[in-house]
Amino acid sequence: MFNKKETPTDRDAKKKARDAENDKLVYDTWPQTREQGKLKFTFRFGALTWGFPTFLIYSAIMIILNFFIKESVKYNIMQAAFSLFFFILFGMIYGLFLWKKNEKVFLKKYPYGKKTK
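When you line the sequence shown up against UniProt numbering, it's residues 1 to 117, in that order.
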């Protein structure tokens with residue numbers, strides 16, 4: 001399994017298969033997700049599923065570092081508030097990129113924005 005080297009052709013084939021699988025998932029689920037609206041999607045998939053968990057991991061690391069290295073690493077409530085704002089903001093930006101990517105994939109197959117049943 002690990003001894004065989006992957007050729008560029010194999011990598012391209014795997015990438016095309018992954019892209020086709022992702023496109024199928026978007027085609028099947030995007031109309032329902034799209035009805036919820038861009039803001040709700042961005043908040044749910046950007047801020048809640050990326051921004052907030054990343055903030056929690058970052059905070060845990062900073063608290064552990066603060067416990068062991070007391071002089072150089074200070075993690076206080078102001079830094080936590082700034083970090084939360086930062087991660088939520090960039091999570092929302094990430095959510096907007098996801099929205100645009102999924103919309104582009106969906107509109108490529110359904111140019112009028114509607115999937116017929």
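All C-beta atoms in this analysis are idealised placements derived from N, C-alpha and C, irrespective of residue type, glycine included. Quick caveat, the model's predicted, so the values are computed rather than measured.
To the nearest angstrom, report how far apart residue i and residue j are at their CA atoms.
i	j	result
Ala81	Phe87	10 Å
Leu96	Leu65	33 Å
Lys14	Leu25	17 Å
Glu35	Ala47	19 Å
Ser59	Lys40	26 Å
Asn22	Met78	40 Å
Arg18	Pro31	21 Å
Arg11	Ala20	14 Å
When the distance is taken between beta carbons, is residue j closer than 9 Å to residue i?
i	j	result
Trp99	Thr49	no
residue 122	Lys109	Outside the displayed range of the chain (1 to 117) lies residue 122, so it cannot be described from this structure.
Phe45	Leu84	no
Thr7	Asn102	no
Classify residue i as helix, strand or coil using the three-state DSSP reduction.
i	result
Gly37	coil
Thr7	coil
Asn76	coil
Ile69	coil
Tyr58	helix
My guess is that residue i and residue j are in contact by the Cβ rule of under 8 Å, so how many angstroms apart are they, rounded?
i	j	result
Met92	Tyr75	Not really, about 24 Å apart at Cβ, beyond 8 Å.
Gly51	Phe90	7 Å
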